[in-house]
Amino acid sequence: MTTSTQLPEGAPEEIVTNALVRDVDLSPFGYKGTLALITLDNGFDHTRPNTFGPRSLAALDAAITDAASRKPAAIAITGKPFIFAAGADLSALSFLSKREQSLAIGKLGHDTFRRLDEIGIPTFAFINGLALGGGLEVGLHCNYRTLSATALTGLPEVFLGLVPGWGGATIVPKLVGPERAVQIIIGNALNNNTMMKAKDALNLGIVDAVFVPADFLERSVAFAASVLSGATKIERKDYSSDPAWDSALAAGRAAALKKYGGAEIASPLKALALIADARTNTRGQGFDAEDIALADLTMADPLRASLYAFNLIQKKRKKVEGAPKPALGRKVARVGVVGAGLMASQLALLLLRNLKCPVVMTDIDQERADKGVAWVKNELTKLVEKKRMSAEAAGRLALLISGSSDQQVFAGCDFIIEAIFEELSLKQELFKKLEKIVGPECVLATNTSSLSVERMSEGLEHPERVVGFHFFNPVAVMPLLEVARTSHTDDATTATAVNIGKELKKTMIICKDAPGFVVNRLLTRFMGEITDAVDEGTDPATADNAMRSIGFPMSPFELLGLVGPGVALHVAETLNANLGPRYRISPTMQAMVKEGVKTFYIKNDDGSFGPNPVALALVHKGSTPSTAEEVRIRALTALAQEARMMLDEGVVSSPAEIDLCMLMGAGWPMHLGGILPYLDREGISESVCGQRFHAPGIASLPQ
Amino acid sequence: MSSHVRSVVLVDAVRTPFGKAGSMYAGTRADDLMVRAIRGLLDRNPKVDPASIDDVAIAAATQTGDQGMNIGRSATLLAGLPKTVPGYSIDRWCAGALTATTTIAGAIAMGAIDIAIAGGVEHMGNHPMGELMDPNPRYLAEKLVEQDALAMGATAERLHDRFPHLTKERADAYALNSQVKTAQAYVDGKIQRDLIPTAARNPELGWAIATIDEAPRPTTTMEGLAGLKTPFRPAGRVTAGNSSGLNDGATAALLASEDKAKELGLTIKARMVTFAFAGVEPEVMGYGPVPSTIKALEKAGLKIEDIGAFEVNEAFAVQVLAFLDHFGIADDDPRVNPYGGAIAVGHPLASSGVRLMLNLARTFEEKTAVRYGITTMCIGLGMGGTIIWENPHFTGGQK
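Going down the list, the protein sequences come from chains A and B.
The numbering of the first sequence is the UniProt record's numbering, which starts it at 1 and goes up by one.
The numbering of the second sequence is the UniProt record's numbering, which starts it at 1 and goes up by one.
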């Protein structure tokens, strides 16, 4: 091994995936000869999957040499129980500081894996469990593949900001054709990193046979014997003259642009270029191009930010920063939801599905309460129709949901969340009323997006039970939950809230009760700069498109259309009142709300979106327009300012929590690292705050 | 309710290769071995719709851990049989699979079921003999049994005591012959054909596929056997060489009413004539096959001379010799264990009964002149069990 393929300085020590070789006698399977079976096993259980770093690749290389030296009829690779291999050891990737290192690790992977195709002995991958990225690529280099019926496979590289650069981007299009290659490499990766079920992998042509796990290895060996004897023939198609190349690549490009709000993001585009090359190139040419693409991506900040974001999401999903011990939380066996509108009903459904305990909803009259309950029950029916829930399970849950106009039904509740109109006095009154109905330990949670939780708890007998529990719309989909503590909120209340959040499978941050918490505070500030620019006279299209190249999933006005100008204006007004005049009230927004105009974009007859003339007519036209670049800078400046203020105020304790919020609550892309790594690398942090949010190397290239 | 007894047949039987305890299956669960045997059996019999299996009886001598949770039902689920197929567990120590067979046969004969699986598993690496055993103190306090009764090797020594003419030399010669016959059977490919290749993982070595028994020692010699220790007593006669070993393995047999087998066009490898179990003093448990065979022959209206093929489990050489001696059969009679026995291939306790059956079925195929055969074995705590089978390939002529 050359020095350049050793681990970069500072990287955690590689957990080596050993490659163990044993002979399997094929005669009981009807073929005279032996199969050299390589087992990939890092010595840990399935919670620490096999991965490939330089030493693991060297181990596999040695195993292939060993296997070939046994003069077998075939060589096969399989994994440890439940796991084939989960891909490259990403932990070292963040520490690569030289392009040569990156090129070398790419080449080392290729040089090792490609032997499986070039060794002159039939090779098989028996994919017995999870196979992702480089883990699947090992298998792709083999001549034939079997897959366990319960194993998930996928190429998540593009999701992470990489390309399938250990052969995947070249072999997959040659193996399954352009359309399916684009679906697997681009479509699945960008669709929340969708993995293939065994049935999908078989239908897509990624594997040649699927066997149940009970005797997967034995049947795979039998399959190998059958291929060797010629009894089973596997046909491979030449896709070079497939008519779908151009359309598939165009579809992939469109999907990539859509995902990032029109921005040209490097990893999907590079992956598409590699797929396009695979039409006519040799494998070797493809692998060389992959090495270069990998090095380009690895030696750029977006990937570093992406890896930082990925690790952050993984880590924080399990551990909530600043959470009290879970054991301090109280048992929750009955839940109340105040309100039966759409938000409240969504909350009731989410709580019902995950806590599986009685959920009572109330509203000002029985009719409204019934409507909320009916909505929940209808959603359960839809889940059954979509086969995402059994009729029995839905029946069980339907019996647990009830609604009333009488808040006495909250008696006996352990946790009540309110989702009534965003008006402080109403919420204060509500909590006072609820205190007379429920026991002293019942948690009173509010889903307010911008009001003061502290003030809602004022005057209560037990203010320590009040907590902010802020979801994002749609609540079943958006993974973030902001848990806001007031100065009174006690640990038992926080722990109960966090325990519930875990049951709801949410990623949580615990923040100080401050107006807008984290996501809305930043988004509103950001949005305010765009509307300000428009109010000052900037062309709305110019303002709205100023940040297209960054790769946000939607433009500010697209987001506004989703949230609704009414809600946005209300939040802006609240934050203006509580945080000061830097949160401005836009006359254009006021006009839109007044006139009931919901969005800047309307759907044209052909399905495309165009400017809404009604909205444009309402624009307050100032005389100091900005250029797009000026808008971009002022919006990013506002974000940096506000983020720094939030850290100074102790709203959250670390920049990472802000990034987590923007990733999970606003859906901002991983290549921005959330947002702060992007502000750092654009130099905004230093020019605005005089300092970076993250030290160099954390979410960027080391310096 | 049916009022007549129906004919019960052995459709097929298979087993995993047997491992030495703590060796090739050290990283493999007992229930996974059992699953492998069941799936291998069904693979070989594609005409049998798994959903039509009426019951699954699985034996294990220790029914905890990976042999617990009602291994019969658990292995059925793990093997991927339809959830509608029931299963239960059986225990008669070494005669577990034999008893699973007779219990299933009884249910078939009386018409309660038509087709079923009987089998057994023992992972003696995971479940050492005597694991979690808690003998009632009354056994010794009231002298119900002597201490020797609870150690199988000691009961074998007691057989030597009772039959002094069954010397250590005869036991060693018998053991050597078992190894020689097994070695020859392997050369002739006669054992491999009923083995189901079984994946076995060793965390340090990786995955392997077990395709042959691990225990046989084809290089055994009389001199080598003579030099072995006698671990059960000083100056004893029972050694590791003239006993079966500690092993891991699983077996499975498909049984059906003869009518059902014919209806489905299944193979018929043996037809059950009758069976019997009998008790003896626990201190000489190895003698058990003598009274159980006498009882079974009586029921069948047969004489020992009518039996043309014997599969006798070789827990200990002396115990086989006691059986042969009683019936006046020579130590090296070719009708007895023609493929060798447990001394060579091993004895994963509760699984062994079906191994005897699959060997007997092969003898029946080869020797169409043989009309009747028996499978018999001794059982700890003083019992023997015998099943008499009829050869469906019998063509008349000499017995």
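Beta carbons are placed, not taken as given, at the ideal position from N, Cα and C, and that holds for glycine.
State yes or no: is the beta carbon of residue i nearer than 9 Å to at least one beta carbon in chain A?
i: tryptophan 207 of chain B; result: yes
i: leucine 321 of chain B; result: no
i: glycine 80 of chain B; result: yes
i: glutamate 283 of chain B; result: no
i: threonine 76 of chain B; result: no
i: arginine 237 of chain B; result: no
i: isoleucine 191 of chain B; result: no
i: leucine 297 of chain B; result: no
i: proline 197 of chain B; result: yes
i: arginine 36 of chain B; result: yes
i: serine 2 of chain B; result: Below a pLDDT of 50, predicted positions are generally treated as unreliable, and serine 2 of chain B, at 49, falls in that range; the measurement from the model is reported next regardless. No, no contact with chain A.
For the alpha helix (DSSP H) containing residue i, list its first residue and its last residue.
i: serine 69 of chain A; result: 54-69
i: valine 21 of chain A; result: Not the alpha helix (DSSP H): valine 21 of chain A falls in the beta strand (DSSP E), residues 18-25.
i: leucine 481 of chain A; result: Looking at the DSSP string, leucine 481 of chain A is not in any alpha helix (DSSP H); the run it does join, the beta strand (DSSP E), is 480-485.
i: leucine 636 of chain A; result: 628-649
i: methionine 664 of chain A; result: 655-665
i: tyrosine 308 of chain A; result: 301-318
i: lysine 512 of chain A; result: Note, lysine 512 of chain A: premise wrong, no alpha helix (DSSP H); beta strand (DSSP E) at 507-512.
i: arginine 355 of chain B; result: 352-366
i: asparagine 202 of chain B; result: Looking at the DSSP string, asparagine 202 of chain B is not in any alpha helix (DSSP H); the run it does join, the beta strand (DSSP E), is 198-202.
How would you call residue i, buried or exposed, if buried means at least 16 neighbouring beta carbons within 10 angstroms?
i: threonine 123 of chain A; result: buried
i: histidine 165 of chain B; result: exposed
i: glycine 382 of chain B; result: buried
i: threonine 2 of chain A; result: The predicted position of threonine 2 of chain A is uncertain, since its pLDDT is 43 and thus under 50; a value taken from the coordinates is nonetheless stated next. Threonine 2 of chain A is exposed by the Cβ-count criterion.
i: serine 2 of chain B; result: Only weak support exists for where serine 2 of chain B lies, its pLDDT of 49 falling under 50; the value from the coordinates is given anyway. Exposed, because fewer than 16 other Cβ atoms sit within 10 Å of the Cβ of serine 2 of chain B.
i: threonine 282 of chain A; result: exposed
i: glutamine 63 of chain B; result: buried
i: phenylalanine 609 of chain A; result: exposed
i: glycine 165 of chain A; result: buried
i: histidine 46 of chain A; result: exposed
i: leucine 399 of chain A; result: exposed
i: proline 613 of chain A; result: exposed
i: lysine 399 of chain B; result: Only weak support exists for where lysine 399 of chain B lies, its pLDDT of 45 falling under 50; the value from the coordinates is given anyway. Looking at its Cβ environment, which holds fewer than 16 other Cβ atoms inside 10 Å, lysine 399 of chain B is exposed.
i: threonine 627 of chain A; result: exposed
Of all the CB atoms in chain B, is at least one closer than 9 Å to the CB of residue i?
i: residue 735 of chain A; result: Residue coverage of chain A in this structure runs from 1 to 703, which leaves residue 735 of chain A outside it and unanswerable.
i: aspartate 117 of chain A; result: no
i: isoleucine 64 of chain A; result: no
i: proline 28 of chain A; result: yes
i: threonine 2 of chain A; result: Only weak support is given to the placement of threonine 2 of chain A: the predicted model assigns it a pLDDT of 43, under 50, and the value that follows is read from those uncertain coordinates. Closer than 9 Å: no.
i: valine 688 of chain A; result: no
i: valine 21 of chain A; result: yes
i: proline 81 of chain A; result: yes
i: valine 221 of chain A; result: yes
Could you check where the beta strand (DSSP E) with residue i kicks off and where it finishes?
i: serine 402 of chain A; result: 401-404
i: phenylalanine 415 of chain A; result: 415-418
i: asparagine 177 of chain B; result: Segment 168-187 is the alpha helix (DSSP H) holding asparagine 177 of chain B; no beta strand (DSSP E) there.
i: asparagine 45 of chain B; result: Neither: asparagine 45 of chain B is in no beta strand (DSSP E) and is coded neither H nor E.
i: valine 338 of chain A; result: 335-338
i: leucine 255 of chain B; result: 247-257
i: tryptophan 389 of chain B; result: 383-390
Task: Entirely enclosed beta strand (DSSP E) segments - the stretch 344-373 of chain A, minimum 3 residues - done: Within the stretch 344-373 of chain A, complete beta strand (DSSP E) segments of at least 3 residues are found at 359-362, given in chain order.
- Task: Would you check if there are 3 or more beta carbon pairs closer than 8 Å linking the stretch 483-498 of chain A to the stretch 425-445 of chain A?
- Result: Yes, since at least three Cβ pairs between the stretch 483-498 of chain A and the stretch 425-445 of chain A fall closer than 8 Å, the two stretches touch.
Check your understanding: Is the stretch 271-286 of chain B touching the stretch 300-320 of chain B in the sense that three or more CB pairs, one from each, lie closer than 8 Å?
Key -> Contact holds: three or more Cβ-Cβ distances are below 8 Å.
Note to self: When you compare the stretch 305-312 of chain A with the stretch 408-419 of chain A, are there three or more beta-carbon pairs, one atom per stretch, that lie closer than 8 Å?
What the structure shows: Because the criterion of three Cβ pairs below 8 Å is not met, the stretch 305-312 of chain A and the stretch 408-419 of chain A do not touch.
Checklist entry - With contact counted as at least three CB pairs below 8 Å, one residue from each stretch, are the stretch 112-127 of chain B and the stretch 194-202 of chain B in contact? => result When C-beta atoms of the stretch 112-127 of chain B are compared with those of the stretch 194-202 of chain B, fewer than three pairs fall below 8 Å, so the two segments do not count as touching.
- Query: Do the stretch 19-31 of chain A and the stretch 99-109 of chain A touch if we need at least three Cβ pairs shorter than 8 Å?
  - Reply: The answer is no - the stretch 99-109 of chain A does not touch the stretch 19-31 of chain A, with fewer than three Cβ pairs under 8 Å.
Please confirm if the stretch 678-688 of chain A is in contact with the stretch 638-645 of chain A, defined as three or more CB-CB distances below 8 Å between the two stretches.
The answer is yes - the stretch 638-645 of chain A touches the stretch 678-688 of chain A, with three or more Cβ pairs under 8 Å.
| Do the stretch 258-266 of chain B and the stretch 17-25 of chain B make contact, defined as three or more Cβ pairs closer than 8 Å? | Because the criterion of three Cβ pairs below 8 Å is not met, the stretch 258-266 of chain B and the stretch 17-25 of chain B do not touch.
**Study point:** Cβ pair count under 8 Å reaching 3, the stretch 299-318 of chain B against the stretch 159-173 of chain B
**Key:** With a cut-off of 8 Å on Cβ pairs, the stretch 299-318 of chain B is in contact with the stretch 159-173 of chain B, counting three or more such pairs.
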